Amino acid sequence: MRLELIKRPQQSPLFSALSPFLALGLTLIAGAIMFLALGKNPFSALYFFFIDPLLEVWSLHELAVKAAPLILIGVGLSICYLSNNWNIGAEGQFIVGAIAGSILPILFPAFQSWIVLPLMLLMGIAGGAAYGAVPAVLKARFGTNEILTSLMLVYVAQLFLDWLVRGPWRNPEGFNFPETRNFHSYAILPEMLPASGRAHWGFAFAIIAAILLWFMLARTLKGFEVKVIGQSPRAGRFAGFSRTRMIIFAFLVSGGLAGLAGISEVSGAIGQLRPSISPGYGFTAIIVAFLGRLNPLGIIAAGLVLALSYLGGEAAQISIGVTDKVARAFQGMLLFFVLACDTLIHYRIRLVKPAPALAAAPANERVEKHA
Amino acid sequence: MKHTLKAIAAAAVMAFAANGQALAQDKTKACFIYVGPIGDFGWSYQHHQGLLDVEEAMGDAVETAYLESVPEGADAERAIERFARSGCDIIFTTSFGYMDPTNKVAGRFPDVKFEHATGYKREHPNVSTYNSRFYEGRYIQGVIAAKMSEAGVAGYIASFPIPEVVMGINAFVLGAQSINPEFKVKVVWANTWFDPGKEADAAKALIDQGVDIITQHTDSTAPMQVAADRGIKAFGQASDMIEFGPETQLTSIVDDWGPYYIERVKAVHEGTWEQVDVWAGLKEGHVVMAPYKNMPDDVAALAKETEEKIRSGEFHPFTGPIKKQDGSDWLAEGEVADDATLLGMNFYVEGVDDQLPN
Amino acid sequence: MLESILITVATAATPLLIAAIGELVVERSGVLNLGVEGMMIMGAITGFAVALTTGSPWLGIFAAIIVGALVSLLFGFLTLTLVTNQVATGLALTLFGLGLSGMIGESFVGRPGIRLGTLDIPVLGDLPLVGRLIFGQDPLFYISIMLTAAVAYFLFSTRAGLMLRAVGDNHVSAHAQGIKVVRIRYLAVMFGGACAGLAGAYLSLVYTPQWVENMTAGRGWIALALVVFASWRPWRVVAGAYLFGGVTIGQLHAQAQALAIPSQLLSSLPYLATIAVLVIISRNRRLTMMNTPASLGRPFVPDR
Chain A
503 MRLELIKRPQ QSPLFSALSP FLALGLTLIA GAIMFLALGK NPFSALYFFF IDPLLEVWSL
563 HELAVKAAPL ILIGVGLSIC YLSNNWNIGA EGQFIVGAIA GSILPILFPA FQSWIVLPLM
623 LLMGIAGGAA YGAVPAVLKA RFGTNEILTS LMLVYVAQLF LDWLVRGPWR NPEGFNFPET
683 RNFHSYAILP EMLPASGRAH WGFAFAIIAA ILLWFMLART LKGFEVKVIG QSPRAGRFAG
743 FSRTRMIIFA FLVSGGLAGL AGISEVSGAI GQLRPSISPG YGFTAIIVAF LGRLNPLGII
803 AAGLVLALSY LGGEAAQISI GVTDKVARAF QGMLLFFVLA CDTLIHYRIR LVKPAPALAA
863 APANERVEKH A
Chain B
2 MKHTLKAIAA AAVMAFAANG QALAQDKTKA CFIYVGPIGD FGWSYQHHQG LLDVEEAMGD
62 AVETAYLESV PEGADAERAI ERFARSGCDI IFTTSFGYMD PTNKVAGRFP DVKFEHATGY
122 KREHPNVSTY NSRFYEGRYI QGVIAAKMSE AGVAGYIASF PIPEVVMGIN AFVLGAQSIN
182 PEFKVKVVWA NTWFDPGKEA DAAKALIDQG VDIITQHTDS TAPMQVAADR GIKAFGQASD
242 MIEFGPETQL TSIVDDWGPY YIERVKAVHE GTWEQVDVWA GLKEGHVVMA PYKNMPDDVA
302 ALAKETEEKI RSGEFHPFTG PIKKQDGSDW LAEGEVADDA TLLGMNFYVE GVDDQLPN
Chain C
81 MLESILITVA TAATPLLIAA IGELVVERSG VLNLGVEGMM IMGAITGFAV ALTTGSPWLG
141 IFAAIIVGAL VSLLFGFLTL TLVTNQVATG LALTLFGLGL SGMIGESFVG RPGIRLGTLD
201 IPVLGDLPLV GRLIFGQDPL FYISIMLTAA VAYFLFSTRA GLMLRAVGDN HVSAHAQGIK
261 VVRIRYLAVM FGGACAGLAG AYLSLVYTPQ WVENMTAGRG WIALALVVFA SWRPWRVVAG
321 AYLFGGVTIG QLHAQAQALA IPSQLLSSLP YLATIAVLVI ISRNRRLTMM NTPASLGRPF
381 VPDR
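Protein chains in written order, with the numbering used here: chain A, 503 to 873; chain B, 2 to 359; chain C, 81 to 384.
Take a look at the structure:
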């Protein structure tokens, strides 16, 4: 017996809608087995993982806080991946965006005006885009592989941030501890509904960015260019699209959005620069981008699901005492199932018995006729 | 389908029932947030040992919960708030980076007690801070190092240039120079609290540069193993690492958070909790020296004597005359450094063979 | 002293080399597995646990190789049979591996491990200058070099290697020629997993004989970058791993010399050096293009 995939003539709308639920069902079953094996009540474990974080308003706010950077970075990355640019350094672009955006409140704390925040956001975007431009230019100019350059620049950015907050940007009133001064009130990205929780406008940016990029991809010539170059560079060349310009474009967009995510996180959720400002958003967002099938609207959903899995992991740790490791292994499992079920959108799966020659032939013919 | 719904409902009911029970029995719920995994056998591991001590000492009167590997940043505030909402009576946040989130959440939950380790902000009456005087142990290590080293140079594997670490390096140097005024210390910054491979590399680099004693302010046992491998002596960190170097470890500064945690949780249980700012050391049992081993008896005796002097308050490691690295005077004869200067220390004393950034 | 520094560099480079050489074979077959970190950490805990339980480091290494291959089989099943997205599946594998290894390792924290001994060849090992460097290192150091030679020979001098490269360059035409694309990729993925497992065991049995969570500390990612650095050529992986290890150790020595340079800048040198060297190499575009597996990361479903 083995599995065999048969390509559907076109995407199955049924499974496009159904596959996430199928994945959830499989995850629930596998999760129940795992928690049972660990001696935990599987029902309460799954309850705390998937339902408890959604029951309270403050927790929904936290979901938005956690999902905002994932979505912002994820939609930017989708442009890169659709156009065949392997940017895996969004984490670095996030950090440099945060640094560039923090220049005003940290170095010029006396400059207090409503204009500060918009400037910070713009500088954050510019910083992230500029840092994203480094691997882009190296790729366009010298053909240097962007997987390596973008990844290595992540570590450089982390160390640079570390140096800044322990050295020149250290809070003069902070007893030499490694953190910058707290941002003044004009430099804080406001909360959307301060009465009920701390979700800030970064989440709105994420949704707006996703919708804009969805529109660009679905309805504009630029979006068409992205997809053509990604699927077939040769066809792109015949159509008169420049591969070099696309490299730069994709990295600037994804770097800029990662930078916006960085400055939003720092000015909305943290309020100062610290040695570590991201628990790996730039890497998690890669999963989010693909989980959302590189579709900006799908990425919104994927970002929320991944954020929920973090919050749920915490709730389960607190309530029933599973460890962080269990939460992470479970998260990996959830992703495996979601990815596997997405296969059903494009393929039918059949079990094939050994000696398939006779049985399989007619079925294949049917498929070919369909196509 | 019906069955599934029923089961989910049942689970929900059970979950709430569990919460209700906790309240009914009037248990005190103590909650802990760690920055690393409890499997780091260093900082977070030792805090978790403190949690276990609380459980052992208070039995049925206490209920505990913990979150490990909570990143410093936006996630910390959420984690602390979730604890506060889940019925915790006292929450220990065990890393410097949790300082602002702890104070923010504390403002919103005035009935919950908060205890933040290694910070200095107490913006609300329900926030205490606590830390340990690890430098007392480092001074003793310096004394031992100067007695044991033939080269007169020790290697110091440091994590990050923060006051806590700089203070430790200075205390070590002062201890060593009390025996051998010419004693030198070479410092390597690993730029990590925790990366066994890199810490091992740093130890090897220092040994190749001619040091014959290794001490560390990073969390893993890797440097101890390298020292054992190369046949030199070393000091442990955070936990007793003797099993990783039975013939190598001279002593180790053990973080023992248990006594403090028990005291504070009991205070909440009995309704006597008050805001404090605790910086305790050998005297209170928060800093414990692992047994002095692998050294001649006279050195061990000297170490014990030094330890006793510090514990009794007869001697403070930062007692003048002390000059700064650039040769300028810091403390005059007999002058003792005040805590504020120590907690914000960003300069070296004379004898450190390293440049401090800024 | 120089000899001892070089041995330190070799120890730092060997796990990177072993993991990277495995990933190189995977990528040459057209599959991009970003889960190296996850497979490596699984190898580390398996090697440590088995060695400690049985008392034999070699059994530990053997078990780590098997477990590495098994974990990669999960990746293979998802990406090759179910054609899930390779990048996302690899990252999920890393999450899964870090979590699972922590679960398995809980009872092994704080226990000293067993070190795999170094070779001890009399006479030769005592030669001045190079004795210990060439004849006195741990066995896996020699295995890493032999592995590189074997992979280089396999890829460029055997028929099977030619087939594997053909699959990576163009799976459609390889399939048309009757090559079993999926089967070859399964084998390549498992080889990569086995190597990552071995590299993990190197960490927990040779480099730092202990188990602590997340002890790979990002080395799987560096290994991935080194494959790209090497432009998918085996011997260049050796150059990359030793360059990276060398600069890492070099900056520690520079620090011990008390230079007035921020340690963060020194720490970032290995990354900057790797970028700089790759830029210089990749200016020869024809060579780079020739070696890049054209089907890398693209899904393949055989049509019948």
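Cβ coordinates follow ideal geometry from the N, Cα and C atoms, glycine included. Note that the structure is predicted; figures quoted are calculated from it, not measured.
| Asked | Found |
| --- | --- |
| I'd like to know whether the C-beta atoms of GLY738 (chain A) and LEU584 (chain A) end up nearer to each other than 8 Å. | no |
| With a Cβ-Cβ cutoff of 8 Å, do GLY481 (chain A) and ILE765 (chain A) count as a contact? | Here chain A has residues from 503 to 873 only, and residue 481 (chain A) is not among them. |
| Closer than 7 Å by beta-carbon distance: list the chain A residues that pair up with ASP41 (chain B), in chain order. | Within chain A, no residue comes near ASP41 (chain B); the closest Cβ sits about 12 Å away, beyond 7 Å. |
| Taking C-beta pairs closer than 9 Å, name the residues in chain C that GLU244 (chain B) reaches, listed in chain order. | GLY190, ARG191 and PRO192 |
| Compute the Euclidean distance between the alpha carbons of TYR46 (chain B) and VAL36 (chain B), then round it to the nearest angstrom. | 10 Å |
| Flag this pair as touching only if the stretch 291-303 of chain B and the stretch 131-150 of chain B have three or more C-beta atom pairs under 8 Å; answer yes or no. | yes |
| Under 8 Å, Cβ to Cβ, is there at least one residue of chain A near ASN165 (chain C)? | yes |
| Can you pull out the residues from the stretch 805-835 of chain A whose beta carbon lies closer than 9 Å to at least one beta carbon of chain B? | TYR812, LEU813, GLU816, ALA817, GLN819, ILE820, SER821, ILE822, GLY823, THR825, ASP826, LYS827 and ARG830 |
| Under 9 Å Cβ-Cβ, which residues of chain B neighbour VAL598 (chain A)? | Going along chain B, no residue has its Cβ under 9 Å from VAL598 (chain A), so there is no contact; the nearest lies around 16 Å. |
| So that I know if they touch, is there some Cβ in chain C lying closer than 8 Å to that of PHE644 (chain A)? | yes |
| I want to verify the contact list: residues of chain C whose CB lies under 7 Å from the CB of MET654 (chain A), in sequence order. | ALA305, TYR351, THR354 and ILE355 |
| Does the structure place the stretch 841-850 of chain A close enough to the stretch 154-169 of chain C that three or more beta carbon pairs sit under 8 Å? | yes |
| For TYR282 (chain C), which residues in chain B fall below 7 Å Cβ to Cβ? | Residues of chain B passing the Cβ test: none, with the nearest at roughly 10 Å. |
| Only counting the same chain, and skipping five residues up and downstream in sequence, which positions put a Cβ closer than 7 Å to that of ALA23 (chain B)? | Here the model assigns ALA23 (chain B) a pLDDT of 42, short of 50, so the residue's position is not dependable, and the following value carries that caveat. Contacts found: LYS30, GLU64 and GLY88. |
| Could you pull out every residue in the same chain whose Cβ sits closer than 7 Å to the Cβ of ARG313 (chain C), ignoring the five residues on either side in sequence? | ASN371 |
| Taking its Cβ as the centre, do 16 or more other Cβ atoms sit within 10 Å of ASP61 (chain B), making it buried, or is it exposed? | exposed |
| Looking at the C-beta of GLU767 (chain A), does it have a partner C-beta in chain B at a distance below 8 Å? | yes |
| Distance check for ILE608 (chain A) and LEU193 (chain C), CA to CA, integer angstroms please. | Per the sequence presented here, residue 193 (chain C) reads as Gly, with Leu not at that position. If you take the alpha carbons of GLY193 (chain C) and ILE608 (chain A), they lie about 47 Å apart. |
| Does DSSP put CYS89 (chain B) in a helix, a strand or coil? | coil |
| State yes or no: is the beta carbon of LEU96 (chain C) nearer than 8 Å to at least one beta carbon in chain A? | no |
| State the beta-bridge partners of PHE115 (chain B) as determined by DSSP. | B:ILE92 and B:VAL128 |
| Please classify LEU836 (chain A) as buried or exposed, where buried requires at least 16 neighbouring CB atoms within 10 angstroms. | buried |
| Which same chain residues end up closer than 8 Å to VAL55 (chain B) when comparing Cβ atoms and leaving out the 5 residues on each side of it in sequence? | ALA31, VAL63, THR65, GLY259, TYR262, ILE263 and VAL266 |
| For the candidate residues C:SER187, C:ILE264 and C:ILE125, whose alpha-carbon lies nearest to that of LEU153 (chain C)? | C:ILE264 |
| Out of B:GLN356, B:ASP278 and B:ILE81, which one is the CA nearest neighbour of ALA338 (chain C)? | B:GLN356 |
| With GLU506 (chain A) as the anchor, note down where its beta strand (DSSP E) starts and where it stops. | 504-509 |
| Is GLY156 (chain B) helix, strand or coil by DSSP? | strand |
| Applying a beta-carbon distance threshold of less than 8 Å, which residues of chain B neighbour GLY773 (chain A)? | ASP101 |
| Measuring alpha carbon to alpha carbon, tell me which of B:ALA58, B:HIS218 and B:GLY198 ends up nearest PRO289 (chain C). | B:GLY198 |
| Determine the burial state of GLY335 (chain B): buried for a count of at least 16 other Cβ atoms within 10 Å of its Cβ, exposed for fewer. | exposed |
| Give a yes or no on whether 8 Å exceeds the smallest Cβ distance from HIS251 (chain C) to chain B. | no |
| Got a sec: which bits of the stretch 662-681 of chain A sit with their beta carbon under 9 Å from any beta carbon on chain B, in order along the chain? | ASP664, TRP665, ARG668, GLY669, PRO670, ARG672, GLY676, PHE677, ASN678, PHE679, PRO680 and GLU681 |
| Find out if the Cβ-Cβ distance for the pair ASP241 (chain B), ALA304 (chain B) is shorter than 8 Å. | no |
| Can you find the residues in the same chain that come closer than 7 Å, C-beta to C-beta, to GLY127 (chain C), ignoring five residues on each side of it along the sequence? | GLY140, ILE141, ALA143, ALA144, GLY280, ALA281, SER284 and LEU285 |
| Pull up the distance between the alpha-carbon of LEU346 (chain C) and that of PHE380 (chain C), whole angstroms please. | 44 Å |
| From the beta carbon of VAL381 (chain C), is the nearest beta carbon of chain A less than 8 Å away? | yes |
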